[in-house]
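*Asks:* Please see the structure below; I have some questions.
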Amino acid sequence: MRLLVIDGNSIANRAFYGIKLLTTKDGRYTNAIFGFLNILLSLLKECGPDEVAVAFDLKAPTFRHKMYDGYKATRHKMPDELAAQMPVLKELLAALGYREVTAEGWEADDILGTLSAACAARSDDCFLATGDRDSLQLVSDTTTVLLATTAMGRSKTAVMDVDAVKEKYGVSPRQLIDVKSLMGDTSDNIPGVKGIGEKSAITLIQKYGSLAGVYAHLDDTADKTIKPKQREHLAEDRAMAELSYTLGTIRTDAPIDTAEGAYVVGEGNKAEAVRLMQELELHSLIARFGLSDIAPAADPERAPTEPLQEAEVTVLPAEPKGHYLVATRPAVMGKQGTRNVELQPAAWYAVQDKTVFPLEDSDLLRLLDNEDVTLDVFDSAPLYARAMAAGNWGSSIVWDGKLAAYLLDASASHYLLTTLATSYHARSAFSCEEYPDAGFLADLFAKMKAEITENGEDDLYNNIEFPLAQVLADMTRTGILVDREGIEAFGVQLRQELDQVLTRIEMEAGTSDFNPNSPKQLGTLLFDTMGLPHGKKTKNGWSTDAETLEKLRDIPLVEDITPEVMALADGAGSALGTGGMSTKLRAARMVTSSGADMVIANGAHPELLYDIAEGRAAGTRFAAHRQEA
3 MRLLVIDGNS IANRAFYGIK LLTTKDGRYT NAIFGFLNIL LSLLKECGPD
53 EVAVAFDLKA PTFRHKMYDG YKATRHKMPD ELAAQMPVLK ELLAALGYRE
103 VTAEGWEADD ILGTLSAACA ARSDDCFLAT GDRDSLQLVS DTTTVLLATT
153 AMGRSKTAVM DVDAVKEKYG VSPRQLIDVK SLMGDTSDNI PGVKGIGEKS
203 AITLIQKYGS LAGVYAHLDD TADKTIKPKQ REHLAEDRAM AELSYTLGTI
253 RTDAPIDTAE GAYVVGEGNK AEAVRLMQEL ELHSLIARFG LSDIAPAADP
303 ERAPTEPLQE AEVTVLPAEP KGHYLVATRP AVMGKQGTRN VELQPAAWYA
353 VQDKTVFPLE DSDLLRLLDN EDVTLDVFDS APLYARAMAA GNWGSSIVWD
403 GKLAAYLLDA SASHYLLTTL ATSYHARSAF SCEEYPDAGF LADLFAKMKA
453 EITENGEDDL YNNIEFPLAQ VLADMTRTGI LVDREGIEAF GVQLRQELDQ
503 VLTRIEMEAG TSDFNPNSPK QLGTLLFDTM GLPHGKKTKN GWSTDAETLE
553 KLRDIPLVED ITPEVMALAD GAGSALGTGG MSTKLRAARM VTSSGADMVI
603 ANGAHPELLY DIAEGRAAGT RFAAHRQEA
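Going from the sequence shown to our numbering is simple: count from 1 and add 2.
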């Protein structure tokens, strides 16, 4: 039997800091959840466990806090962005069938120690996944620590067995407790002995074997291993050393279930797991956990207060009139031997009120160019293609939900009705077994339209994106002539110009981590950091639409540093100097925009600073641009 025990808080913490902040469309943080689940998948592959336990700390004080008031007193509070993800992570793990293990008054470390000891008693293999080096004391012939580390900015897992611990630290795993009792631990605020660091502590334990051995030789002045000052500190801090030993020892008797088979991964609630992953927009993980064929559970926020009316499914009237919602029922795939086959083909349908109309090709053509009909559709491209193939234009289409989804979240990997309905908590107006997505089309489309309006993107959608869809459909149908060489050459030119622009932006922002393509980061830089005049604020941050940014053209930054001047400055030996002037000018632009004057001068001049301080001519002065209140 092989048991994998995951230190939940430690791994979640490393995932949170190891991955940049990720949020859903509605602003929920997901980076810790995403990172944790990816680490879980890697651990499962690496260990191949028969059982998996996930240990978490509780907020209640532990026996160590009661023993020593200062225990972990210097720890920073968990960031709110991480704290908000923890209950969701636990909910998702439970839905996937993994058992959470906690014990009031005990730490996750003690849970790891208790399960490790239980495995040792049965001669079972135990793997402890953690980022906490304290767990190395648990390493034994049956227990291996999978230590999450960071090296050269990259995360990796160090496999720590008995030999690996001895090689790295020069002592046995259990002796690490003695080492900590002497050197202390700043992260846990364990005091140790004043003046004794890691190197000295390891030397003492290597020589005397244990903390007790060190104190047994404390009065042996003939032994020069203990230096006089160390001897003095050891005598003064003996009580603290012994307390540190107790605080640093991981217990193996936590009141938890240790029976064999207690942590076999259960069935959980796979449908709920899929729903949560869709809601959190972690779509790639659905397939990686083997859940692609699982239908999501009903969203509790969309659950009807009373049973839904069953929709009427009937043929389209001979003369359709009014407004319809049009979408496709996705194809149903299945296995035929080893091959993936289509069990049920994709099918178009229309919705009007609480009636669903299956659509044949002839029905589509009666809808797509009908002066008595308007259509809100999901995915206009194939509909335009069908209309154009029949010599028409799809003039009845007035709105496209898939195009709206792209505008609202251009970075999404795909746009599926079911996923969007979960993200927007769309409510079904009726039930329809044959076309399960039909009921929530009206609410979903209404919420997407409202968000476009809220973001100030109506003009962009109605006058650019939506009309362009018809043009692109026509271009796709007929094709276009392409000057490949010309396009490639133009691309190179644009790339060069863009690199120059990005360099200037990084100088203005004062960081290379700034992403100008992120509306949120751009809004923060322009309106919070630089204090420029802003427009309205949406739930995703300051608006950075075209209209808002256009108004900033009138804000003076360093207008005298023109592109022409910058171009002259870029070359070494130019008329402006012998090189490096472009950097100085960019610095001047940034400094003066913040409201301060700047002087570029010859640093070799012996009285330079006195001249500048007294206002004498010392070089080229750039005056600050100040706005009147």
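The beta-carbon is built from N, C-alpha and C at its ideal position, and this holds for glycine as well. Quick caveat: nothing in here was measured; it's all calculated off a predicted structure.
Note the first and the last residue of the continuous alpha helix (DSSP H) segment covering M600.
*Replies:* As a working note, residue 600 is residue 598 in the sequence shown. That residue, M600, is in no alpha helix (DSSP H); its beta strand (DSSP E) goes 600-603.
*Asks:* List the endpoints of the continuous beta strand (DSSP E) containing H325.
*Replies:* For the purposes of this step, residue 325 is taken as the residue at position 323 of the sequence shown. Looking at the DSSP string, the run of the beta strand (DSSP E) that includes H325 is 324-331.
*Asks:* What did DSSP end up calling G481 once you bin it into helix, strand or coil?
*Replies:* Residue numbering aside, residue 481 sits at position 479 when the sequence shown is read from its first letter. In the structure shown, G481 sits in coil (DSSP, three-state: anything other than H, G, I, E or B).
*Asks:* Can you name the residues that DSSP bridges to Q354?
*Replies:* Looking up residue 354 in the sequence shown gives position 352. In DSSP, Q354 forms a bridge with T357.
*Asks:* Is L446 helix, strand or coil by DSSP?
*Replies:* Within the sequence shown, residue 446 is the residue found at index 444, counting from 1. The answer is helix: DSSP assigns L446 an H, G or I state.
*Asks:* Tell me, please, whether the region 82-92 touches the region 241-256 by the rule of three or more beta-carbon pairs shorter than 8 Å.
*Replies:* With the cut-off at 8 Å, the region 82-92 and the region 241-256 do not touch.
*Asks:* According to DSSP, is S433 helix, strand or coil?
*Replies:* The residue given as residue 433 occupies position 431 in the sequence shown. S433 falls in the strand class under three-state DSSP.
*Asks:* Would you tell me roughly how many angstroms separate the C-alpha atoms of S174 and L284, rounded to the nearest one?
*Replies:* Working through the sequence shown from its first residue, we reach residue 174 at position 172. Working through the sequence shown from its first residue, we reach residue 284 at position 282. Answer to the nearest angstrom: the Cα atoms are 42 Å apart.
*Asks:* Would you check if the distance between the CB atom of S545 and the CB atom of K538 is smaller than 7 Å?
*Replies:* The residue you call residue 545 lines up with position 543 of the sequence shown. The residue you call residue 538 lines up with position 536 of the sequence shown. The answer is yes: Cβ separation under 7 Å.
*Asks:* Rounded C-beta distance between Q139 and L178? I'm assuming under 8 Å.
*Replies:* By 1-based counting over the sequence shown, the position of residue 139 is 137. By 1-based counting over the sequence shown, the position of residue 178 is 176. Going by Cβ atoms, the distance from Q139 to L178 rounds to 5 Å, so yes, they are a contact pair.
*Asks:* Residue range of the alpha helix (DSSP H) that E321 falls in?
*Replies:* In the sequence shown, counting from the first residue as 1, residue 321 sits at position 319. No alpha helix (DSSP H) contains E321, which DSSP labels as neither H nor E.
*Asks:* Is it the case that the region 402-416 contacts the region 474-487, given that we only count it when at least three CB pairs across the two stretches are under 8 Å?
*Replies:* Not touching, per the Cβ criterion.
*Asks:* To the nearest angstrom, how far is the alpha carbon of E269 from that of A97?
*Replies:* The count along the sequence shown starts at 1 and reaches residue 269 at position 267. The count along the sequence shown starts at 1 and reaches residue 97 at position 95. Roughly 8 Å between the two C-alpha positions.
*Asks:* Can you give me the start and stop residues for the alpha helix (DSSP H) that N33 sits inside?
*Replies:* Taking the first residue of the sequence shown as position 1, residue 33 is located at position 31. That run of the alpha helix (DSSP H) goes 33-49.
*Asks:* Could you tell me which residues DSSP pairs with T25 in its beta bridges?
*Replies:* In the sequence shown, counting from the first residue as 1, residue 25 sits at position 23. BP columns for T25 point to Y31.
*Asks:* Within the region 370-418, note down every full beta strand (DSSP E) run reaching 3 residues or more, in order along the chain.
*Replies:* Correct list: 375-379, 399-402.
*Asks:* To which residues of the same chain is E200 closer than 8 Å at the C-beta, ignoring the five residues directly before and after it?
*Replies:* Start at 1 with the first residue of the sequence shown, and residue 200 comes out as number 198. V181, M185, listed in sequence order.
*Asks:* Quick one: what's got a C-beta closer than 6 Å to E566's C-beta in the same chain, skipping five residues either side?
*Replies:* Start at 1 with the first residue of the sequence shown, and residue 566 comes out as number 564. Interpretation of E566 is limited by its pLDDT of 43, a score under 50 that renders its predicted location unreliable; no figure is taken from the coordinates.
*Asks:* Under three-state DSSP, which class holds K182?
*Replies:* In the sequence shown, counting from the first residue as 1, residue 182 sits at position 180. Three-state DSSP puts K182 in a helix.
*Asks:* Give the straight-line distance between the Cα atoms of V353 and T146, rounded to the nearest whole angstrom.
*Replies:* Residue mapping note: residue 353 aligns to position 351 of the sequence shown, counting from 1. Residue mapping note: residue 146 aligns to position 144 of the sequence shown, counting from 1. Rounded to the nearest angstrom, the two C-alpha atoms are 59 Å apart.
*Asks:* Going by the beta-carbon positions, is the gap between V358 and V315 smaller than 7 Å?
*Replies:* Looking up residue 358 in the sequence shown gives position 356. Looking up residue 315 in the sequence shown gives position 313. Yes, the Cβ-Cβ distance between V358 and V315 is below 7 Å.
*Asks:* Quick check: what's the CA-CA separation for A120 versus T260?
*Replies:* Stepping through the sequence shown from its first residue, residue 120 is reached at position 118. Stepping through the sequence shown from its first residue, residue 260 is reached at position 258. Straight-line Cα distance between these residues: approximately 6 Å.
*Asks:* Less than 7 Å between the C-beta atoms of A105 and A256, yes or no?
*Replies:* Counting from 1 along the sequence shown, the entry for residue 105 is found at position 103. Counting from 1 along the sequence shown, the entry for residue 256 is found at position 254. Yes; because the gap between Cβ atoms is below 7 Å, this pair is in contact.
*Asks:* Residue range of the beta strand (DSSP E) that A55 falls in?
*Replies:* Residue 55 sits at position 53 when you count from the first residue of the sequence shown. 53-57 is the extent of the beta strand (DSSP E) around A55.
*Asks:* Just to check my reading of the structure: H219 and I228 have Cβ atoms closer than 8 Å, yes? What is that Cβ distance to the nearest angstrom?
*Replies:* For this step, residue 219 is matched to residue 217 along the sequence shown. For this step, residue 228 is matched to residue 226 along the sequence shown. Yes, they are in contact, since the Cβ atoms of H219 and I228 sit about 7 Å apart, within 8 Å.
*Asks:* CA-CA distance, Y217 and H78?
*Replies:* Your numbering for residue 217 matches position 215 in the sequence shown. Your numbering for residue 78 matches position 76 in the sequence shown. If I take the Cα positions, the gap works out to 34 Å.
*Asks:* Tell me whether D301, by its Cβ, gets closer than 6 Å to a heavy atom of the ligand ADP.
*Replies:* Summarising the ligand content, the structure contains no ligands, and the ligand ADP is consequently not present.
*Asks:* Around the Cβ of G292, are there at least 16 other Cβ atoms within 10 angstroms (buried) or fewer (exposed)?
*Replies:* For the purposes of this step, residue 292 is taken as the residue at position 290 of the sequence shown. The residue is exposed, with fewer than 16 neighbouring Cβ atoms inside 10 Å.
*Asks:* Output yes or no for whether 7 Å exceeds the beta carbon distance between I296 and V266.
*Replies:* Within the sequence shown, residue 296 is the residue found at index 294, counting from 1. Within the sequence shown, residue 266 is the residue found at index 264, counting from 1. Cβ atoms of I296 and V266: not closer than 7 Å.
*Asks:* According to DSSP, M279 sits in a beta bridge with which residue or residues?
*Replies:* Here the question's residue 279 lines up with position 277 in the sequence shown. BP columns for M279 are empty, so no partner.
*Asks:* Determine the extent of the beta strand (DSSP E) in which N519 is found, giving its start and end residues.
*Replies:* As a first step, residue 519 must be located in the sequence shown, where it is residue number 517. Taken as a continuous stretch (DSSP letters only), N519 belongs to no beta strand (DSSP E), as it is neither H nor E.
*Asks:* Nearest to P438 by alpha carbon, out of A333, S212, E459?
*Replies:* Here residue 438 refers to the residue found at position 436 when the sequence shown is read from its first residue. Closest by alpha carbon: A333.
*Asks:* Going by CA-CA distance only, name the one from T76, L60, M80, L45 that's closest to Y19.
*Replies:* Position 17 of the sequence shown holds residue 19. Comparing Cα positions, the closest option is M80.
*Asks:* For T251, count neighbouring C-beta atoms within 10 Å of its own C-beta (all shown protein chains included) and say buried if the count is 16 or more, exposed if not.
*Replies:* Locating residue 251 in the sequence shown gives position 249, counting from the first residue. It counts as buried.
*Asks:* Report the partner residues of K539 according to the DSSP bridge assignment.
*Replies:* Start at 1 with the first residue of the sequence shown, and residue 539 comes out as number 537. Bridge partners of K539: W544.
*Asks:* Evaluate the contact criterion for the region 372-389 versus the region 312-331: three or more CB pairs, one atom per stretch, below 8 Å.
*Replies:* Yes: the two stretches touch, three or more of their Cβ pairs being nearer than 8 Å.
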